[in-house]
Each structure stands twice: as C-alpha cells, then as structure tokens.
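Q:
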Amino acid sequence: MDFTNSLLLVVSIAYLFLSTNAVPTTRSVIPSYNAQTPSGSRVGSLIGISTIFKNSAKATHQIIRVSPRIILFCKNTENPALCVETIAPYLQGEFNPIVALETEIKATLNQSLKISNIIAQSLAYSSNEAKAALRICKSQYRNIVDTIREAAELLNQQNVVDAYYKFSSVMADRTYCEDAIAKCHGVENPFAEDSQIIYQLGGNCLAILDGIVNSSLNF
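Numbering follows the working numbering, with no gaps: position 56 of the sequence shown is 476.
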C-alpha cells in the first residue's frame, strides 16, 4: 500500500471515529478563540476544528471525502495526517493551495490563542518560579499570535515570500518559551501537549510556505 492510499485510510478512519464517538484527541484542541484577523482576509472567516466535535451528533452519517490533491499537498509537511485533518473539512470543490495554506495558518493561530489562555489562567495559581517562566511564555505567545496574523495578512495580499519569512519566527518564539520552562526545575509545563501541536502545525505551515516559495511543492 503506497503512502497516499495509507494516509487516506488513516484519515478516513479518524473521521469516522470522531463523527460517531466524539471522543477528544490531540486534534480536538484547536478551538476558535474569536481570533481577530485583518478585514477582508479569507483566513479570518474560517472556523476552528472544534466544530467537528460540536456538530458530531448531527454528522453521525457524514463522511468527509479527502481530495488526493490535499493528501499530496500535505505529503512533505511536519505532520501530514494532521495537515490533512485540519484542511480537508474546509476545502470543498476545486482545490486552492493558498486557501489550504490559510486554513492551516488559521488552525495554528487558534491553537496559539488557546495556549495564551492557558498561560493566563496558570499565572493565577503558579509558584513564583513558575510565574517567571510563564511571563516569558506570555510575551512569546503574544509575539506568536501577532506574527501569525501578520503572516496571514501578507498571504491574503498574495505576498507568499514575506509571509514565509515572517512566519519563520513563530518556531523560535515557541522554543524560547519551552526553554524558559525547562530551566525551572520541578515546574511542569501546563500546555506541553498543546505546544507540541503548535510545533506540528507551525512546521506544516513552514513546509508548505517553503514549498511554494521554492516551487518544490507538488499538488
């Protein structure tokens, strides 16, 4: 079984499982936090993947068909399965690579806003040592959210090159936050799993941007 067929099978099974059981997985933690994006941007009109779970009772018999072009589009990303799962529900009809990328950027933004919310809540009850690290993370995720919004606006203007360079700082800001927490011995990261999803979603976006900029992406 080749990569495309096996990935399609995995994604189809994942969606069947979600639609019939509505059991949260690591991918259920990409809700919409009412992110404000620049006016007129298509990325601002998209909704978070949590909609799949909210509407799961009504969509019990609905099976989402995954276009082979989406699978090929996601093939060389950080996490191809997550890429397909976060893009496929929102792309129906003719495939548009820019809209697909905007969708993945929106998912990354929503996840970043979720982590920002966790940080704000954690600051209220953490130890002084943990608070020092969390304040660093609060600042870094503020930068991440701003950067993603700016990259989304550049993409909306068809400026893929500048969007690529702008978005590249997201991963560095995430790492700076992770390092700050790691240096606090005995302090548990309250958003460790969510941060890993940011790493995967952000990596997906960068891989897609890089592929478009360097004309190496096939779809």
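For each residue, glycine too, the CB sits at the ideal point set by N, CA and C.
The model shown is predicted, which means the values in this text are computed figures rather than measured ones.
1. The alpha helix (DSSP H) that contains Q578, what's its start and end?
2. Out of I564, G606, L521, point me to the one whose CA is closest to R594's CA.
3. How would you call G631, buried or exposed, if buried means at least 16 neighbouring beta carbons within 10 angstroms?
4. Judging by CA-CA distance, which residue of I490, R489, A583, T497 is the nearest neighbour of L621?
5. So, D599 versus Q531, is the Cβ gap smaller than 8 Å?
6. Count the other CB atoms, across all protein chains shown, that sit within 10 Å of the CB of N634; report buried if there are 16 or more and exposed otherwise.
7. In the structure shown, what three-state DSSP assignment does Y607 receive?
8. Assign S546 to one of two classes, buried (16 or more other C-beta atoms within 10 Å of its C-beta) or exposed (fewer than that).
9. Based on Cα-Cα distance, which residue from A571, K603, L575, T506 lies nearest to E524?
10. Can you list, in chain order, the residues of its chain with a C-beta nearer than 8 Å to that of L543? Leave out the 5 residues immediately preceding and following it.
11. Considering only the beta carbon of each residue, do N499 and N609 sit closer than 8 Å?
12. Whose C-beta lies closer than 8 Å to the C-beta of C604 among residues of the same chain, with five residues either side of it excluded?
13. Under 8 Å Cβ to Cβ from M591, same chain only, skipping five residues before and after it: list those, please.
A: Put simply:
1. From DSSP, Q578 is part of no alpha helix (DSSP H); its letter is neither H nor E.
2. I564
3. buried
4. T497
5. With respect to Q531, D599 sits apart: the two C-beta atoms are not nearer than 8 Å.
6. exposed
7. Checking the sequence, you will find Val at residue 607 rather than Tyr. V607: coil per DSSP, three-state reduction.
8. With 16 or more other Cβ atoms within 10 Å, it is buried.
9. T506
10. Excluding sequence positions up to five before and after L543, its CB lies within less than 8 Å of the CB of K551, L554, R555, K558, all in the same chain and listed in chain order.
11. no
12. Closer than 8 Å at Cβ, skipping near neighbours: E549, A550, A552, A553.
13. Y619, G622, G623, L626
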